[in-house]
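Everything below concerns the one structure shown next.
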Amino acid sequence: DGLFAPLFWMLVGGLLWSLNPGGPGPLSLAWGFKAASTLDSMLGYRRGRLQWLGTAGARLDDLLVWLPCRLVALSLPLAAGQGPSQCWPALQTACREGAADPSPNAGVSQAAYANTAQVQLGGCNSYGGKQTHKPILGAGFPTPHAKEVDLLLQLNRRLEAIWLGVSGLAVVGALSVPYITKTLSSLPSP
Numbered sequence: 006d007g008l009f010a011p012l013f014w015m016l017v018g019g020l021l022w023s024l025n026p027g028g029p030g031p032l033s034l035a036w037g038f039k040a041a042s043t044l045d046s047m048l049g050y051r052r053g054r055l056q057w058l059g060t061a062g063a064r065l066d067d068l069l070v071w072l073p074c075r076l077v078a079l080s081l082p083l084a085a086g087q088g089p090s091q092c093w094p095a096l097q098t099a100c101r102e103g104a105a106d107p108s109p110n111a112g113v114s115q116a117a118y119a120n121t122a123q124v125q126l127g128g129c130n131s132y133g134g135k136q137t138h139k140p141i142l143g144a145g146f147p148t149p150h151a152k153e154v155d156l157l158l159q160l161n162r163r164l165e166a167i168w169l170g171v172s173g174l175a176v177v178g179a180l181s182v183p184y185i186t187k188t189l190s191s192l193p194s195p
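In terms of my numbering, the sequence shown opens at residue 6 and continues consecutively.
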């Protein structure tokens, strides 16, 4: 959610801007998402006086990340060099396996990476010295070692390039619409 969700909201902002140049643009939606994400990171589900704000921030972040997370799962096979026919089954597998995670989004993303890279993720993990158990994702595949971690990083870099390219084209397209419209309207009628 730190990279792909802001890019998604920039893409949405670019599309909205192309429809209405006076409306919210790519940066306003990306910053709006980052504000909700930061609220979740700083206060999400904390106890005390501001628990209501933390709960609202966490739920808003879950909502804003829901679609980008699934688009990552859908597009990750393309970054792995698989054909478009593999995208829908990959999303279905990621959603099925990811549903076991308490987060509505993290498990889906992790399952997508596990299955695309053919590694097993999850199980017993240590966070801050405390043992936690996460659902097994990519069951039946081997656990990752250095080679597989490199593969996961390569997949992520390729997916970043795809998403940056699409987002960049959308922003350029959105910025071009007013000029194209103005140019076309100034042409003489046939």
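We put the CB at the ideal spot given by N, CA and C, even for glycine.
Alpha carbon of Ser-80 to alpha carbon of Cys-92, nearest angstrom: Position 75 of the sequence shown, counting from 1, holds the residue named residue 80. Position 87 of the sequence shown, counting from 1, holds the residue named residue 92. Rounded to the nearest angstrom, the two C-alpha atoms are 6 Å apart.
Exposed unless 16 or more other CB atoms sit within 10 angstroms - verdict on Val-113: Residue mapping note: residue 113 aligns to position 108 of the sequence shown, counting from 1. Its Cβ being crowded by 16 or more others within 10 Å, Val-113 is buried.
Three-state secondary structure (DSSP) of Asn-130: To locate residue 130, count along the sequence shown from 1; it is residue 125. Under the three-state reduction of DSSP output, Asn-130 falls in the strand class.
Paired residues, beta bridge with His-138 - DSSP: Residue 138 sits at position 133 when you count from the first residue of the sequence shown. Bridge partners of His-138: Cys-129.
Contact under 7 Å by Cβ, Ser-172 with Met-15: Numbered from its first residue, the sequence shown carries residue 172 at position 167. Numbered from its first residue, the sequence shown carries residue 15 at position 10. The answer is yes: Cβ separation under 7 Å.
Closest Cα partner of Gly-37 within the set Leu-68, Gly-27, Gly-53 and Arg-52: Locating residue 37 in the sequence shown gives position 32, where the first residue counts as 1. Of the listed residues, the one whose Cα sits closest to Gly-37 is Leu-68.
For Ala-119, the three-state DSSP class (helix, strand or coil): Walking along the sequence shown from the start, residue 119 turns up at place 114. Looking at Ala-119 - three-state DSSP - the assignment turns out to be helix.
Cutoff 6 Å; reference Phe-13; Cβ partners in own chain excluding five residues on either side: Taking the first residue of the sequence shown as 1, we reach residue 13 at position 8. For Phe-13, where only same-chain residues beyond five positions count, the Cβ hits under 6 Å are Pro-73.
DSSP three-state assignment for Leu-24, whether helix, strand or coil: On the sequence shown, position 19 is the one that residue 24 refers to. If DSSP states are grouped into helix, strand and coil, Leu-24 belongs with the helices.
For Gly-59, three-class secondary structure by DSSP: Taking the sequence shown and counting its residues from 1, the one referred to as residue 59 is at position 54. Three-state result, Gly-59: helix.
Meets three-Cβ-pair contact criterion under 8 Å: the stretch 152-159 and the stretch 129-141: no
Reduced DSSP secondary structure (H/G/I, E/B, other) of Asn-161: The residue labelled residue 161 in the question sits at position 156 within the sequence shown. Looking at Asn-161 - three-state DSSP - the assignment turns out to be helix.
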